[in-house]
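Below is one structure, written out as structure tokens; comments come after it.
Protein chains: 2
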Amino acid sequence: MSFQSVVRSPAYEQVAAQLREAILDGTLAAGDELPAERELCAQFDVSRTTVREALRALQAQGLAISGGPTAPLRVAGAESLSSGPLRDGLVHLLRLGRVALADLVELRCALEAAAVARAADAVAAATAADPAPDLAEAHAALAQMRVADGDLDGFERADVAFHLALVRAAGNDAIELVMLAVRDSIGAHLRDALHARSARAASAALRQLTAEHDALLSAIAAGEGETAARVVRDHVLGFYTAAIAPQEAAAR
Amino acid sequence: MSFQSVVRSPAYEQVAAQLREAILDGTLAAGDELPAERELCAQFDVSRTTVREALRALQAQGLAISGGPTAPLRVAGAESLSSGPLRDGLVHLLRLGRVALADLVELRCALEAAAVARAADAVAAATAADPAPDLAEAHAALAQMRVADGDLDGFERADVAFHLALVRAAGNDAIELVMLAVRDSIGAHLRDALHARSARAASAALRQLTAEHDALLSAIAAGEGETAARVVRDHVLGFYTAAIAPQEAAAR
DNA sequence: GCTTGCCTGCTGGTCTGACAAGCAGGCCGC
DNA sequence: GCGGCCTGCTTGTCAGACCAGCAGGCAAGC
């Protein structure tokens, strides 16, 4: 015989749960404004304090987003769900797990290799009914990299855009989401590594990186998944071992 | 000339941000109790309302967890972060239809393939100074699977333990953390797929799954990274296409 | 006509002070 | 030693109030 421990859930949690359910099952459609706080107080028969705490929870989960200083909260659509708090959650997880940079880089390799392989395969298997993924974004980013000679910030923006475009081209939202979070977590290290170099060395490094990007995009456009995966692996890992790892070692 | 739009952030958000930062950079260690609400009021010089809203946000993000009805919040560790709100976030995404289950499965394939490949490589490259990863956990889980004939719940527990042991053997914390979150959110679907089968069919399926696990573990123990990656890919993807995809199609 | 300014009514954001319920610790009488 | 009680903390909740900001209507002035 075993008794179950009594479960006590605070009122704000119950309010949040009901609202959450309404959002998830579509009773409250994306973009809709939630009822005003005082209105919710009346409907749930609780005080405004309670309602507000529930709303803060929903907001933190990304199910509702602020509609401005004096406007009611709006129901979030799926897009803001993946871009905002969920991504933050992954970043927090990685930060809180005190994950080593090398592990993050390896994860990024695995993700990006899978993404470009899938993108390339999609190109190879494209038909009229199922067109190839759009690589225009990636091409544009690559072009920006070429003209960003010496402009580290501009190059970095283009680099981010390039890799993001590739992952997006793979069409896997889950991989894209994790990829974004990983990049966020690695981002600061990458920046430091680039900025730490002399202008001349940096310029040479940028040219090499651009060349690698070029080869990668060509492989994808040609539908060569295996090649693309190998190139991106070498690219990411190469940059890490060449630029970041020595710095880390020196920092110790 | 371009002016930047004025950014106004509410007090509760600033409070939350500061607490979040303190948690993430370790100033507040996992398991610690946060200061009492009234204490925080004094430190931030805001009212209790504001503090409480900030705490609700942190709680919803999983960075702090309730320490009981009358106890202060406690700082969450990485493990509770991945199992709780992050998983919920992924589930919400699935429910809102933004991320297809197939995408998550593909992500899992990529992660797990990378992990087992690395584990196998570590086995192959093992030396006295750098011993091979410990596969005992995985062996134990596999043994449990063999004896769990027909016991779906037991099998599932063993399955989770097995895959988790493999990822852990790879020694990459980043992959492990993301893997946990992904598996948790796929978990429910896996369970449904297994339980939906008749006892006889399930028993056959379990035997096949066990055999696949066996082959996988052998490949890792033999240090054959490529083989292991291929096997795990087929294993995960195979189960999905065989068991889950048809159900999804039928549900529409 | 159009603009400008004001006024009103709504919103969220914040504060204050209060109370109940529950837990932990000490203290006391037995 | 042990049950019972009392005190002081905590969170959870409430009611009521105020401010700042936005939107809309409306009237005065060009």
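Just so you know, the sequences run in chain order A and B. Mapping to our numbering: the first sequence position 89 is 89, numbers consecutive. Mapping to our numbering: the second sequence position 226 is 1226, numbers consecutive. Idealized CB from N, CA, C, for every residue including glycine. In this text, all values refer to a predicted model and were calculated from it rather than measured experimentally.
At the level of alpha carbons, what is the spacing between residue i and residue j?
i, j, result
"B:V1116", "B:G1154", "23 angstroms"
"B:A1161", "B:G1171", "15 angstroms"
"B:A1165", "B:E1176", "10 angstroms"
"B:L1055", "A:E79", "26 angstroms"
"A:L28", "B:A1202", "39 angstroms"
"B:A992", "B:A1057", "Here chain B has residues from 1001 to 1252 only, and residue 992 of chain B is not among them."
"B:A1081", "A:A60", "First, the residue type needs correcting, since residue 1081 of chain B is Leu and not Ala in the sequence shown. So the two alpha carbons sit approximately 14 angstroms from each other."
"A:G31", "A:Q18", "18 angstroms"
"A:V7", "A:T127", "56 angstroms"
"B:H1163", "A:R87", "25 angstroms"
"A:T241", "A:L190", "12 angstroms"
"B:L1152", "A:G26", "33 angstroms"
"A:A204", "B:S1002", "34 angstroms"
"B:L1101", "A:V167", "18 angstroms"
"B:E1156", "B:R1146", "12 angstroms"
"B:L1034", "B:S1066", "10 angstroms"
"A:L104", "A:A196", "21 angstroms"
"B:F1044", "B:E1013", "12 angstroms"
"B:E1021", "B:L1040", "15 angstroms"
"B:R1118", "B:D1192", "31 angstroms"
"A:R183", "A:V236", "12 angstroms"
"B:H1139", "B:Q1208", "17 angstroms"
"A:A188", "A:Q144", "21 angstroms"
"B:A1243", "A:A243", "45 angstroms"
Are residue i and residue j closer than 8 angstroms when you measure CB to CB?
i, j, result
"A:A15", "A:T50", "One detail in the question is off: residue 15 of chain A reads as Val in this sequence, not Ala. Cβ distance < 8 angstroms, so A:V15 and A:T50 count as in contact."
"A:V91", "A:A181", "yes"
"A:L94", "A:S185", "yes"
"B:A1158", "B:A1174", "no"
"B:A1064", "B:V1046", "no"
"B:L1217", "B:L1107", "no"
"B:G1225", "B:A1120", "yes"
"A:G62", "A:G84", "yes"
"A:C109", "A:R233", "yes"
"A:G223", "A:A124", "yes"
"A:E137", "A:M179", "no"
"B:I1220", "B:A1211", "no"
"B:A1122", "B:A1132", "yes"
"B:R1038", "B:R1048", "yes"
"B:P1010", "B:A1036", "no"
"A:L206", "B:L1024", "no"
"B:A1169", "B:D1214", "no"
"B:G1077", "A:G89", "no"
So, helix, strand or coil for residue i, using DSSP?
i, result
"A:V75", "strand"
"A:E224", "coil"
"A:P85", "helix"
"B:F1003", "coil"
"B:D1130", "coil"
"A:S47", "coil"
"A:D151", "coil"
"A:D103", "helix"
"B:G1171", "coil"
"A:L135", "coil"
"B:S1196", "Strictly speaking, residue 1196 of chain B in this sequence is Ala, with Ser absent from that position. Here B:A1196 sits in coil by DSSP."
"A:G238", "helix"
"B:D1121", "helix"
"B:R1008", "coil"
"A:L164", "helix"
"A:L28", "coil"
"A:G97", "coil"
Can you check DSSP and say which residues form a bridge with residue i?
i, result
"A:I65", "A:R74"
"B:E1033", "B:R1074"
Review point. Residues in the segment 1039 to 1056 of chain B with C-beta within 9 angstroms of chain A's C-beta atoms, listed in sequence order?
Key: T1049, R1052, E1053, A1054, L1055 and R1056
Check your understanding: What residues in the segment 113 to 145 of chain A have a beta carbon less than 7 angstroms from any beta carbon of chain B?
Key -> A114
**Study point:** Residues, ordered as in the chain, of the segment 1094 to 1107 of chain B that lie near chain A by beta-carbon distance below 8 angstroms
**Key:** R1095, L1096, G1097, R1098, V1099, A1100, D1103, L1104, E1106 and L1107
Practice item. Give the residues from the segment 1061 to 1072 of chain B that approach chain A closer than 8 angstroms (Cβ to any Cβ), ordered along the chain. Key: Q1061, G1062, L1063 and P1069
Point to revise | Within 7 angstroms of chain A by C-beta, residues of the segment 1166 to 1180 of chain B in sequence order | key: N1172, D1173, A1174, I1175, L1177 and V1178
Review point. What are the residues of the segment 81 to 93 of chain A that lie near chain B, defined by any Cβ-Cβ distance shorter than 8 angstroms?
Key: L81, S82, P85, L86, D88, G89, L90, H92 and L93
Check your understanding: What residues in the segment 1014 to 1036 of chain B bring their beta carbon closer than 9 angstroms to a beta carbon of chain A?
Key -> A1016, R1020, I1023, L1024, D1025, G1026 and A1030
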